[in-house]
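Report on one structure; see the data block that follows.
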Amino acid sequence: MVSRVIPVAPFDLVIFGGTGDLARRKILPGLFRRFCAGQMPPDARVVGAARSDMSAEDYRRMVRDAIGEFNSDTSYKAADLDAFLARLEYVTIDAKGEAGWSELQKLMAGEGRVEAYYFSVSPSLFGDLAERLHKWGMADAQARIVVEKPFGRDLATACALNATLAEHFDEHQIYRIDHYLGKETVQNLMAVRFGNMLFEPLWNAQYVDHIQITVAETVGVGGRGEYYDKSGAMRDMVQNHLMQLLCLIAMEPPARFDPDAVRDEKLKVIRALDPVLPHHISRGQYQAEACNEAEMPGYRTAVGDAKTRTESFVALKTHISNWRWAGTPFYLRTGKRMAARSSEITVVFKETPHSIFSEEAGRHRNVLSIRLQPNEGITLGVTIKEPGPGGMRLIDVPLDMSFAEALGDDTDHVDAYERLIMDVIRGNQTLFMRGDEVEAAWAWTDPIIQGWEARNDVPKPYDSGSDGPTDSAELMRRDGREWRKVSP
Ligand code: NAD
């Protein structure tokens, strides 16, 4: 199936941090793919702006190498790459000083074009960039800024950052990225819920026993140890990605699919979340892989701190105190070095109120699982009769729909960053977090982290390649439930 490509308006996109890891791995290869798809108008320009002293020609060479290394699709034509590189400019700039700003100002002097400024730099520079854009007359009504995660490390820092950005930009000009929201299947959550009559009537505490959200990674902290150790799974994954998934699965239907209507409903979910009790949380740190400690070191070795108390795994139970969900627990779990790379939302329905079958037939539940990665798709477990003689015995079988099989290979080629950058140019904020949403998420997360700090909580060790520490399984077992096995 070939996706329809609608070209966007002429734009100038400045990537602050245009020589950095994120720009080289995601942003620039993503822009190139949109270029190859015919989505970039002929006069669109991309300006790399970073500290390294290099010419535009050097920058084009660097981007050529980055695309060669990181573009998953290698079937592009050499002429397309040359044409894309010809759109690139480069400015050596200092976010904290004056160097490069007058040059950038001259480059951005064109009228009537979309101006987007991507802050792909350390968050400590976000405020400096906003201020200098304003000072040099680039924070005008056309301007949009794209802000990378992490957006603060707690409520106070997120509020301070929102306030700084708000000095120079209106909320409708600020695009806070959570790349999870750019994933095809995450948007599909909304299509599945609000495009089908089938699910919505059952989507509440009366019919749903509980919901599980798992984002499991097989990788460890790798080269990001220093950064990660200051953050941990709660800040790095739960406060943003898992909470966004929770919002999409639990929110009320918005009146329209428009940015503020969707974000209003997500915000209501976050504000209705119950505080998490200490015994409803499991926290872990991965251990070295047995027999392969040199290549797969444990968390503490990887971050170079034998005493660190930062978690690489967290599982928790929470409730949403509103009419739809009161009484239905939501279990969230994420970790590194787990058994498989898998992001999945599982909706476990209640048993039928009365069984007409004998006791031997057993009691069964429908389970809807939405796989976000890999093998995006939906599986609905339905109960049927086990074939053959021998009476009425019931078994669960999956109604399985893989999106790749159903829709063809084209489905997963648009990376989250490609989609989100094009949404910035289109001026569509639906898939970006609003300032009040981010603050509400921190307001819920902060007491959990503060509780750990106050109690000097030490994360439990767990084996690399496992489903996490044993008390994560215990969290479920106490409630008479169990986690879905983390499987690829
Ligand atoms: P990086 O360290 O690889 O690159 C930093 C960039 O900032 C470089 O281009 C550098 O020249 C530029 N820079 C540094 N100081 C500057 C200054 N004073 N003035 C102008 N430019 C300056 O960082 P990264 O990994 O690309 O991350 C960038 C942002 O994206 C960070 O906020 C990070 O948290 C976020 N992020 C990164 C990833 C990732 O996979 N790398 C994923 C999610 C979010």
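Counting in numbering that gives the first Met the number 0, the sequence shown runs from 0 upward without gaps. Ideal Cβ placement from N, Cα and C applies to all residues, glycine included. These numbers come from a predicted model, not from an experiment.
Buried or exposed (CB count within 10 angstroms, at least 16 for buried), residue i
i      : result
Leu132 : buried
Ser281 : buried
Trp322 : exposed
Met337 : buried
Asn187 : buried
Gly47  : buried
Leu276 : exposed
Val146 : buried
Ile26  : buried
Val381 : exposed
His167 : buried
Ile319 : buried
Val4   : exposed
Asn291 : exposed
Phe15  : buried
Nonlocal neighbours in the same chain, by C-beta distance under 7 Å from residue i, ignoring five residues either side
i      : result
Lys105 : none
Glu417 : Gly29, Arg32 and Arg33
Leu419 : Ile176, His178, Gly181 and Leu430
Thr217 : Arg336, Met337, Ala339 and Arg340
Lys148 : Ile176, Asp177 and Asn239
Ile424 : Val7, Ala8, Phe10, Val113 and Ala115
Met236 : Val214 and Thr333
Gly269 : It should be pointed out that residue 269 corresponds to Ile in this sequence rather than to Gly. Here the set comprises Met242, Cys246, Glu436, Ala439, Ala440 and Trp443.
Near the ligand NAD: residue i beta-carbon under 6 Å from a heavy atom
i      : result
Leu21  : yes
Glu147 : yes
Ser101 : no
Ala18  : Checking the displayed sequence, the identity of residue 18 turns out to be Thr instead of Ala. Thr18: yes, Cβ under 6 Å from the ligand NAD.
Pro328 : no
Arg59  : no
Lys95  : yes
Val185 : no
Val90  : no
Pro252 : no
Pro122 : yes
Arg255 : no
Ala49  : yes
Ser119 : yes
Three-state class that DSSP yields for residue i in the structure shown
i      : result
Ile316 : This sequence places Lys at residue 316; Ile is not what is there. Residue state, collapsed to three classes: strand.
Leu331 : strand
Asp20  : helix
Phe199 : Rather than Phe, the amino acid found at residue 199 in this sequence is Glu. The answer is helix: DSSP assigns Glu199 an H, G or I state.
Asp411 : Model confidence at Asp411 stands at a pLDDT of 49, short of 50, so the residue's coordinates are unreliable and nothing is read from them.
Pro487 : coil
Pro352 : coil
Asp228 : helix
Lys134 : helix
Glu404 : helix
Lys459 : strand
Pro252 : coil
Met295 : coil
Glu481 : coil
Asp72  : coil
Met233 : helix
Met432 : strand
Ser465 : strand
Lys25  : helix
Ile210 : strand
Spatial neighbours of residue i in its chain, beta-carbon cut-off 6 Å, leaving aside the 5 residues before and after
i      : result
Asp55  : According to the sequence provided, residue 55 is Ala. The question's Asp does not apply to it. Contacts found: Glu88 and Tyr89.
Gly376 : Arg370, Met400, Ser401 and Phe402
Leu12  : Val45 and Ala115
Thr317 : Leu272, Asp273, Val275 and Phe329
Asp411 : Note that Asp411 scores a pLDDT of 49, beneath 50, so its modelled location is shaky; the value from the coordinates is reported in the next line. Here the set comprises nothing.
Gly464 : Ala338
Asp445 : Asp153 and Leu154
Asp127 : Ala94 and Lys95
Sequence-distant residues of its chain with Cβ nearer than 8 Å to residue i (five each side left out)
i      : result
Glu199 : Arg192, Phe193 and Pro252
Asp435 : Leu266
Pro40  : Pro6, Val7, Ala8, Pro9 and Phe10
Leu103 : Val13, Val46, Ala48, Val90, Ile92, Trp135 and Met137
Ser357 : Gly390 and Met391
Ala142 : Glu114, Ala115, Tyr116, Leu132, Phe168 and Gln172
Gly99  : Ala48, Val90, Thr91, Ile92 and Asp93
Chain D within 7 Å of residue i, Cβ atoms only
i     : result
Arg32 : This model lacks chain D altogether, as it is built from one protein chain only.
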